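If you read the sequences in order, they're chains A and B.
Numbering follows the numbering used here, in which position 22 of the first sequence is assigned residue number 22; successive positions increment by one, without gaps.
Take any residue in the second sequence, note its place counting from 1, add 647, and you have its number in the numbering used here.
Positions of the beta carbon are idealized from the N, C-alpha and C atoms, including for glycine.
Quantities reported herein were computed from a predicted structural model and do not represent experimental measurements.
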Amino acid sequence: MRAGVIFFALFLAACNNNPYGQFPPGKVIMSNLPDDPRTLDPARVGDTQSNAIASNLHDTPFEYYYLKRPLEIKPAMAVSMPRTGAAVSGGTQYRTFEFSIKKGMRYADDSCFAGGKGREIKIDDIIFAVKRAADNSIDPFGLPLLSGKVLGFDEYTTRLEKAHAEEAEKRDSSIVSKVFDSEIPGVRKLDDYTLQLLLTEDYPQIIFFFTLTTGSPQPRECVEYYNGRNGRPAYDRHPATSGAFRLKEWHSNYRIVLARNPNYRSDDFYPREGTEEDKANGLLLAAGRQLPIVDEIWIQIIKAGPPVWTLFDQGYLDRAGIPLEVFNQVVLNQELTPEFKERGTRLDTEIDQATYYWVFNLTDPVMKNKKLRQALSLMLDRREMLERFFNGRGVPAMSIIPPGMEGYEDEYKNPYAAYDPDRARVLLAEAGYPGGIDPATGRALRVSFTLTNSPGSTSLYAFYRSSFEKFNVDLKLEEADWPTVLQKKYKKEFQIIVGGWHADYPDPQNFLQLLYGPNTASSYNEGSYRNPTYDSLYLQMKNMPPGPARLAIIRKMKEIVADDTPVIMQFHPITYGLSHPWFSPFKTHPTNSNQLKFRDLDPEKRKTLVAQWNRMPLAGYLLFAFLILVLVLPVVIAVRKYSRRLR
Amino acid sequence: MLTYIIRRIIYTLPIWIGVYGITFALFHMRDPIAIARVHMPQAPDAALKAWVRNNNLHLPRFVNLPADADTVLVDGKKHPELASKSIFYSQFFLGFREIITFDFGVDKNRQPISESIAERAPYSLSVMLPAFLITVTLSVVMSLFLAYFRETGLDVGAVLITVAMMSIPVPVYLLLCNWGFGKYLKLVPVYNHVLLPILVSVLAGLGGQVRFYRTVFLEQIEQDYIRTARAKGVSESGILFKHVLPNSLIPILTSVVMSLPFLITGSLILEHFFGIPGMGDMMYTAIYSQDFQVIKVMVYLGAFLYMIGALLTDISYILADPRVVLE
């Protein structure tokens, strides 16, 4: 009995709820992702999750200032901001876009390089990145940014496609390689460090390509080395890195470890300037420090929602979002509850550069009716929806342009993007459906709405239905899995369908292109909206520099879209984040890329607080004693009693 | 016995083909372009078609007929090279060859599936094997104990508790253990650790198993030979260990051996919830991210393991009971 008690006491003492066993030495950030990134190959990275990691591994010629708002671009690998001008090729004059990269920068060491030592980064590596963006076989993210803009780029895409087909047929692996050996006419190497692009039109957005992970230098020998054959991983899993961090470990479905890249350029420092507000928020404490600040970043792959919250609560994750089910325990009136304030938790919110909306199919005979579209748009109470189903984590969208971007105006009101039951009824009657009755059938107007099936959204979907039912409009929900929804979008087999866009780069053109008529052919303009005035205004504004003239055009475009109502505006989502007191203050960045180098933490403080937070409560010992009493005692009594009887 | 085993394996072949046929029908009747779109949501049409071609989804489904060579297939191209291929050059037969050679292709992230299985199975085993051993040992011991104290208050109480334990669904155990041991008592890590999933698995299995074994033992205890043994003066514990236990082995083996192969497939929710990167998590992720190739392989693997389990059970009968003869 005594041995049992001692063993039990030892067991409790040895128990440790730290999922890492112990915190690793040094400054190590503990974070999480809901799933493995799809890829870390810079040419293929496009989704938010992959980019959140990959952008820290791959350095880019240009990047955004960390603290400046609105966002502003600065040189990173590049010596200076790009130079633009004009050049003649084949008798035609082209716009040029030109920049040089710094000398002496090196890749992180990797066995794909000669001798395993990271070699110097040259402009050829960036040219190779441009070429890979043309390679349809890898689903390149950068293709739409360069297609039709860089001289000879589209022809190069076609050549690569043909080469791949030929290679598959002839089983000869040198055919594609030969195309990569050849040059794109509009991509010129002026010297080992200087690139000049010939642009077919004025296209200032070209610079965004070189701020994205997809525009980072890619050493050809490594892309060819890590080909997923002969026991070597695919480039998706093992890219060569040039960023502030290198990929130290990637254990699928478990953990990714990024470590400080010792070969990272030494001229990257934490900004010294910021606003008074930044200063007050402690954002200038690290001013002038060499980047990156921390040694490692551990990214746990945690697929289920509840453990993320528990681990954060116990201090094993430095930062977390707030799950829907605990939101009210954490945030009250946009502020932390006293319990969390006491623990020193910090709350940060950021309106995403994203817009959610529902798309009308304008090729559908019923949906061509403008007044009907306006009426339908007026029926949805967005504020109630946000409050009831999203904890108020969204800003009702008035136009397709999200906050923080040129053309977003707080005071702007779209006359058809707010709840107005009276006007909705009038417009519905004017549209030919008085009282919601469809004259063709004599019954309530039936409109189909295609959306993804999500078991967690039953009550939200019921809310959608009831919102329209009030006006005697029968919203028929057609729930389908995501690929089917995509397929229906592509084939235009819908009346209304869910849609949304997250900014690729902070320029309104990125959003306004979603309604540009000729984009019907691509996946951007999902509802086949076409308005000649809008289209000509789009062509005018898309290549203009930001300024009053451009803003005036954008305003006109917003008016046109409001009146035509090709989409039912929903909202711009807001992200809420929590971080622990040992995690240094930081500013959330709308692009959320390449931000880990600015992060800092105090490991000692973490150790102390986590130990404090994770002591077993006294009630726990009592509970164990009680359990033993309840489970063991009856057995002992019974055994004593009945053994005698049975004998 | 060898002839019997060989014959059994031959018998399973039609089932094997049947299972393959059904999984094939389930997964290959979709529009290939829609499948491609799952893999590359934003890609232009040409890229989707190229993907379909690279994954052989443009090939005829069942048989390669001469007419296929000059029809435009789903990838938007004619394929004259099909004329020179055999009639079996189709998705069905190529897939069949892949599956009998255990070459399962690649998943959505272009990772070889066979490699993932080899990597993930040990994680599933690290949870399932201890959980299985503990459950079986505990439940046999407990049910022998209950058989010994049959028809007493202890037995009645235990029946009540075990029935209650059987009736509680797994997610309840999961949430209770996670909250109790992980969140409240802070004894064990709530993630990436085998202790909690083992505990949940044992708790969830124990009730039913104890009930089952207890019934098996009680059935034996009422047999004539037990009465004879008792009349001879064999002690009650001697009866339980020497007579009841060996004679109850057949039903026990049926349930135990049958579940052996499934230890490697792991548990869907447990692994997902506790962050064990095993096979159950693989299945969960595949379903969640609509990775049809992985789901197909897992369905097929499930059927395959079931057949192995049935075979092993039959063989174990001979070892346990000399009266069973397999011909």
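{"Item": "Phe921 of chain B burial status per 10 Å Cβ neighbour count (16 or more: buried)", "Value": "buried"}
{"Item": "Span separating the alpha-carbon of Met1 of chain A from that of Gln300 of chain A", "Value": "Reliability fails at Met1 of chain A, whose pLDDT of 44 lies under 50, so the model's placement of it is uncertain and no value is given."}
{"Item": "First and last residue of the uninterrupted alpha helix (DSSP H) at Thr158 of chain A", "Value": "Phe153 to Lys170"}
{"Item": "Amino acids of chain B, ordered along the chain, whose beta-carbon sits closer than 7 Å to that of Pro61 of chain A", "Value": "Here the premise fails: no neighbours, minimum Cβ distance about 24 Å."}
{"Item": "Sheet register partners of His251 of chain A (DSSP bridge)", "Value": "A:Arg255"}
{"Item": "Segment contact, 8 Å Cβ cut-off, at least three pairs: the stretch 140-148 of chain A with the stretch 55-68 of chain A", "Value": "no"}
{"Item": "Contact the stretch 523-533 of chain A vs the stretch 547-564 of chain A: 3+ CB pairs below 8 Å", "Value": "yes"}
{"Item": "Test: Arg797 of chain B CB closer than 7 Å to a CB of chain A", "Value": "no"}
{"Item": "Extent of the continuous beta strand (DSSP E) to which Ala87 of chain A belongs", "Value": "Arg83 to Ser89"}
{"Item": "Beta-carbon spacing of Gly344 of chain A, Val610 of chain A below 7 Å", "Value": "no"}
{"Item": "Cβ separation of Val783 of chain B and Val903 of chain B, assumed to be a contact under 8 Å, to the nearest whole Å", "Value": "6 Å"}
{"Item": "Assumed close pair Trp501 of chain A, Ala619 of chain A - CB separation to whole angstroms, cut-off 8 Å", "Value": "That pair is no contact at about 50 Å."}
{"Item": "Chain-order list of residues whose beta-carbon lies under 6 Å from that of Asn510 of chain A (same chain, five-residue window excluded)", "Value": "Ala503 and Asp504"}
{"Item": "Those residues which DSSP pairs with Leu372 of chain A across a bridge", "Value": "Answer is none; Leu372 of chain A lacks a bridge partner."}
{"Item": "Residues sharing a beta bridge with Val447 of chain A, DSSP", "Value": "A:Leu475"}
{"Item": "Contact check, Gly274 of chain A vs Leu283 of chain A, beta carbons under 7 Å", "Value": "yes"}
{"Item": "Cβ of Pro818 of chain B within 7 Å of any chain A Cβ", "Value": "no"}
{"Item": "Short Cβ contact (7 Å threshold) for Gln513 of chain A with Val447 of chain A", "Value": "no"}
{"Item": "Pair within 7 Å by beta-carbon distance, Gln487 of chain A and Ala694 of chain B", "Value": "no"}
{"Item": "Residue burial classification, Ile664 of chain B (beta-carbon count within 10 angstroms, cutoff 16)", "Value": "exposed"}
{"Item": "Backbone secondary structure at Ser906 of chain B - three-state DSSP", "Value": "helix"}
{"Item": "Option nearest Val636 of chain A by Cα separation, candidates B:Phe792, B:Ile746, B:Pro727 and B:Ile781", "Value": "B:Phe792"}
{"Item": "Chain A contact for Met687 of chain B (CB, 7 Å cutoff)", "Value": "yes"}
{"Item": "Segments assigned alpha helix (DSSP H), at least 4 residues, entirely inside the stretch 758-840 of chain B", "Value": "760-795, 800-814 and 817-824"}
{"Item": "Three-state class that DSSP yields for Asn227 of chain A in the structure shown", "Value": "strand"}
{"Item": "Chain A contacts from the stretch 909-926 of chain B (Cβ-Cβ distance under 8 Å)", "Value": "His919, Phe920, Phe921, Gly922 and Pro924"}
{"Item": "Pairwise C-alpha distance: Leu896 of chain B and Ala967 of chain B", "Value": "7 Å"}
{"Item": "Where Arg684 of chain B meets chain A, residues with beta-carbon distance less than 7 Å", "Value": "Pro483, Leu486 and Gln487"}
{"Item": "Opposing strand residues paired with Met569 of chain A [DSSP bridges]", "Value": "A:Tyr357"}
{"Item": "Assigned secondary structure, Ser579 of chain A (DSSP; H/G/I helix, E/B strand, else coil)", "Value": "strand"}
{"Item": "Span of the alpha helix (DSSP H) around Met945 of chain B", "Value": "Phe939 to Ala967"}
{"Item": "Close-in-space but distant-in-sequence residues of the same chain around Ser216 of chain A (CB under 7 Å, 5 per side omitted)", "Value": "Pro42, His58, Asp59, Thr60, Ala129 and Ser242"}
{"Item": "Whole-Å CB distance - Phe449 of chain A paired with Glu469 of chain A, under 8 Å assumed", "Value": "Not quite, the Cβ-Cβ distance comes to about 13 Å (not below 8 Å), so this is no contact."}
{"Item": "For Val176 of chain A, the first and last residue of its enclosing beta strand (DSSP E)", "Value": "Careful: Val176 of chain A lies outside any beta strand (DSSP E), inside the alpha helix (DSSP H) at Ser174 to Asp181."}
{"Item": "Chain B residues whose Cβ lies nearer than 7 Å to that of Arg38 of chain A", "Value": "Asn756"}
{"Item": "Residues bridged to Gln300 of chain A [DSSP beta-bridge criterion]", "Value": "A:Asn32 and A:Arg255"}
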